[in-house]
Amino acid sequence: MNIKTELNRLNPAQREAVTTTEGPLLVLAGAGSGKTRVITMRVAYLIHLGALPESVMAVTFTNKAAREMKERVQSLLDGRTNQNQPVISTFHSLCLNILKREIEALGYRRNFTVYDTGEQISLLRHLLSDIRIFEKGFRPEDVLEKISRLKNDFKSPLKSEKDEFDAEALSETLFPRYQETMRSLNVVDFDDLLLLTLRLFREHPGALEKYRKRFRYLMVDEYQDTNKIQYEILRLLAGERKNICVVGDDDQSIYGWRGASLHNILDFERHFPGTRTVRLEQNYRSFGNILVAANSVIKNNAKRMEKCLRTDRGDGPKVCLFRAEDGEEEAQWIADRISRIKYERNLPYEEFAVIYRANTLSKPFEEAFRGSRIPYTVIGGTSYFDRKEIKDLASYLKVIANPLDGLSLLRASSAPKRGIGSKTTNRLAEFARERSISLLEAFKRAREADIGEKSAQPARSFALMIEKYRELFKKRGEMGKAFRALAEEIRFKDYISELYKSQEMALKRIENVENFIQSLHHFEERAFQETGAEKKPSLQGFLEELALDGNPGETDEKPFGVVLTTFHSAKGLEFPVVFIACLEEDILPHKKSALPGEGIEEERRLFYVGITRAMRELYLTSAQHRTKYGKKAPTTPSRFLDEIPDNIVRRIQNLEPEDPAQEEIKAKAFFAKMREMLGD
DNA sequence: GTTAGTTCTGTTTTT
DNA sequence: CAGAACTAAC
Numbered sequence: 001m002n003i004k005t006e007l008n009r010l011n012p013a014q015r016e017a018v019t020t021t022e023g024p025l026l027v028l029a030g031a032g033s034g035k036t037r038v039i040t041m042r043v044a045y046l047i048h049l050g051a052l053p054e055s056v057m058a059v060t061f062t063n064k065a066a067r068e069m070k071e072r073v074q075s076l077l078d079g080r081t082n083q084n085q086p087v088i089s090t091f092h093s094l095c096l097n098i099l100k101r102e103i104e105a106l107g108y109r110r111n112f113t114v115y116d117t118g119e120q121i122s123l124l125r126h127l128l129s130d131i132r133i134f135e136k137g138f139r140p141e142d143v144l145e146k147i148s149r150l151k152n153d154f155k156s157p158l159k160s161e162k163d164e165f166d167a168e169a170l171s172e173t174l175f176p177r178y179q180e181t182m183r184s185l186n187v188v189d190f191d192d193l194l195l196l197t198l199r200l201f202r203e204h205p206g207a208l209e210k211y212r213k214r215f216r217y218l219m220v221d222e223y224q225d226t227n228k229i230q231y232e233i234l235r236l237l238a239g240e241r242k243n244i245c246v247v248g249d250d251d252q253s254i255y256g257w258r259g260a261s262l263h264n265i266l267d268f269e270r271h272f273p274g275t276r277t278v279r280l281e282q283n284y285r286s287f288g289n290i291l292v293a294a295n296s297v298i299k300n301n302a303k304r305m306e307k308c309l310r311t312d313r314g315d316g317p318k319v320c321l322f323r324a325e326d327g328e329e330e331a332q333w334i335a336d337r338i339s340r341i342k343y344e345r346n347l348p349y350e351e352f353a354v355i356y357r358a359n360t361l362s363k364p365f366e367e368a369f370r371g372s373r374i375p376y377t378v379i380g381g382t383s384y385f386d387r388k389e390i391k392d393l394a395s396y397l398k399v400i401a402n403p404l405d406g407l408s409l410l411r412a413s414s415a416p417k418r419g420i421g422s423k424t425t426n427r428l429a430e431f432a433r434e435r436s437i438s439l440l441e442a443f444k445r446a447r448e449a450d451i452g453e454k455s456a457q458p459a460r461s462f463a464l465m466i467e468k469y470r471e472l473f474k475k476r477g478e479m480g481k482a483f484r485a486l487a488e489e490i491r492f493k494d495y496i497s498e499l500y501k502s503q504e505m506a507l508k509r510i511e512n513v514e515n516f517i518q519s520l521h522h523f524e525e526r527a528f529q530e531t532g533a534e535k536k537p538s539l540q541g542f543l544e545e546l547a548l549d550g551n552p553g554e555t556d557e558k559p560f561g562v563v564l565t566t567f568h569s570a571k572g573l574e575f576p577v578v579f580i581a582c583l584e585e586d587i588l589p590h591k592k593s594a595l596p597g598e599g600i601e602e603e604r605r606l607f608y609v610g611i612t613r614a615m616r617e618l619y620l621t622s623a624q625h626r627t628k629y630g631k632k633a634p635t636t637p638s639r640f641l642d643e644i645p646d647n648i649v650r651r652i653q654n655l656e657p658e659d660p661a662q663e664e665i666k667a668k669a670f671f672a673k674m675r676e677m678l679g680d
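Going letter by letter, the first sequence gives residues 1 to 680 in my numbering.
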């Protein structure tokens, strides 16, 4: 690909964004405005102009986005940079890679590992039981959320022991303990990856200088989703040079509840004086009526930068509204509508999507689709990490990689059960604390602790086993083998199959186990290929990839059938036909988010994100009654529906005097599907 | 130390 | 209603 020709294909605003290379640049990129194209081309353009590839850094939010961007930059550069590559990664993995070199300056060891949410919760559960809370209602989930908020507000974990126990005070009390325990276990959480990097830059000017020199051009995608810590890191890295280009859309900021700060993008021009601002308002995705709907909804938000999406594709069909009797009817109506459109226009199922507020709402749609023989894929839901068999096995790998990680040791030591119970572990934990030794060490020396021989023995042999595998995993290229041997030795598959009642369930779990073991093999082979075997692939590396990039078996492949997804997971996707469902008060806006202005505005942005996923047809549905927690209750239509102007809307009644031909079409659609199923 | 009943609590989740 | 987490009895 030739950069010059590619450049000419851009619209003027896009071209300005790509060719403005020096100084702070804010690109306000509306939905569907070719944002990714701009950002990838800008990376290629910088290198084309002579910037060293390794001096260009582009951060994204998902691994998927990073991979895609890498590929596209690669093809734009046409393999012109053989040796050095621009750094294109997620914010978190960028920080992880920095910390891997520098973390010792902050009091951690080099072989630290990353805790996922489940492990954070588990740690907090231990801390909560230590502190002996008698009142109920202190859920570790809530404490974790508060601690995360404290971290994101730059609160230092100072000991501020308060006596009254409301959730807030409790979290403040637990925060320093949590942080200190994490450090002693030599583990970090996702927040720490960012926070420790910031601390490094603040406390060690030499380190900051090094990375400032290295990264001369900073680019950030989805800037509206960055938090305050990320802003601080960027500000420090940008330094005096201030070659920072951020791309984002304040109207699509939907992660405020996770600490994202809308102010980062709203105040960018103030944060970086002299900013050049470029607006990408030309939309290449949707027909006019859809954009009218989107613009009319979002203009009700007070906190935003003025923008207005345009298209030159014509109005397209009107936005359709449908209100069903109940959730089941709503789902069935959508299923019927999909069958009909598919029959009339022969669209593949992959071009339809159903978008709703919460994962728990997917069920009626799944049932209706199954009943109507419509293939579908539910995006999101239970993640790979929530699978017990994976967490169990991963906990073995974690202690092996990081022997200080006593929590993973605890988990591993009872999965499968091997006669080490809570009494023994409590004693050993205390023993470890008294002597200031690691829990693994305490397990090994269990005989010295105050426990009976028949409890000490299994603890001791467990510790010895871990040490044995620690050696085996160090052998180059033998990790896959070692892992398999470990799974055999602990009879992991037997343990799993006994855990599940149905044969089917058990088989599925065993398959997961098999894949997981295999994924370490793959990792090893891949690492050998990539590094030419000069650097040995490490277990730590595998665990990092697992923590930051999730399911090893998961692919970026296109989902099969109709896509069922939440607003959040729909971001960045597009579909010719979109159904936004369950548009009722208390669902959208959600009851718990609806509180003051801020909350409502984020809910509105969710709706905006949903609307702008549609290319051609948009259906907005709701139900008069909805079954929640087993009880059926009447509902009120979402207030956001009133914000869409009537002249672009078509209301559909269920028994719409669908011209009699309609029944016939339905029947035909049915037979067409039958034929298809019979396989022709 | 393990298991079977019982109670509780229901958003969103790129990392 | 359904899944998880906790408790009380083997």
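Note that the Cβ used here is the ideal one computed from N, Cα and C, for glycine as well.
Expected contact under 8 angstroms - CB spacing of residue i and residue j to nearest Å
| i | j | result |
| --- | --- | --- |
| V143 | S171 | 5 angstroms |
| V609 | A581 | No, V609 and A581 are not in contact; Cβ-Cβ is about 15 angstroms, not under 8 angstroms. |
| F272 | P24 | 4 angstroms |
| A66 | T36 | Contact flag wrong, Cβ pair sits at about 11 angstroms. |
| F579 | I341 | About 11 angstroms separates the two Cβ atoms, so there is no contact after all. |
Cutoff 6 angstroms; reference residue i; Cβ partners in own chain excluding five residues on either side
| i | result |
| --- | --- |
| V87 | M57 |
| H48 | I3 |
| E16 | V278 |
| S93 | L548 |
| C95 | L193, L194 and T197 |
| A463 | L440, F443 and K444 |
| P53 | I47, T81, N84, Q85 and P86 |
| A527 | P537 |
| G248 | E222, Y223, Q224 and I265 |
| H204 | A105 |
| V220 | V59 and V246 |
Cα-Cα separation, residue i to residue j
| i | j | result |
| --- | --- | --- |
| E453 | E366 | 54 angstroms |
| M182 | S436 | 15 angstroms |
| I355 | T20 | 37 angstroms |
| L127 | S395 | 19 angstroms |
| R345 | H625 | 32 angstroms |
| A13 | P537 | 44 angstroms |
| E68 | T40 | 9 angstroms |
| L10 | E281 | 13 angstroms |
| N152 | L208 | 21 angstroms |
| A105 | R476 | 28 angstroms |
| S299 | S438 | It is worth fixing the name first, because residue 299 is Lys in this sequence and not Ser. Near 57 angstroms, if we compare the C-alpha coordinates of S438 and K299. |
| E623 | M479 | Sequence inspection shows Ala at residue 623; the Glu mentioned does not correspond to that position. Straight-line Cα distance between these residues: approximately 54 angstroms. |
| A293 | S148 | 36 angstroms |
| F732 | L410 | Since the first residue shown for the chain is 1 and the last is 680, residue 732 is missing from the structure and cannot be characterised. |
| K155 | L507 | 47 angstroms |
| T635 | E330 | 13 angstroms |
Own chain residues within Cβ distance below 8 angstroms of residue i, not counting five before or after
| i | result |
| --- | --- |
| L606 | I254, R357, F567, H568 and L588 |
Proximity below 7 angstroms, CB of residue i to CB of residue j
| i | j | result |
| --- | --- | --- |
| F560 | T377 | yes |
| I338 | I290 | no |
| I466 | R427 | no |
| G406 | L185 | yes |
| L262 | E102 | no |
| F287 | R616 | yes |
| A482 | F473 | yes |
| Y469 | I400 | yes |
Residue of the options minimising C-alpha distance to residue i
| i | options | result |
| --- | --- | --- |
| E488 | R270, P416 and T565 | P416 |
| R604 | I648, H204 and D642 | D642 |
| Y45 | N359, V18, I496 and L28 | V18 |
| S414 | V220, R433, M615 and L393 | L393 |
| I244 | P348, A506, H590 and V43 | V43 |
| A633 | L174, Y115, D326 and E598 | D326 |
| T612 | E448, S296 and S156 | S296 |
| A456 | T173, S422 and T5 | S422 |
| E328 | N301, E350, A432 and S362 | S362 |
Neighbourhood of residue i by C-beta, 7 angstroms cutoff - its chain only, sequence neighbours within 5 removed
| i | result |
| --- | --- |
| L158 | P176 |
| G30 | D249, L280, E281, N283, K307 and L309 |
| D315 | F287, G288 and N289 |
| M305 | L28, D250 and L266 |
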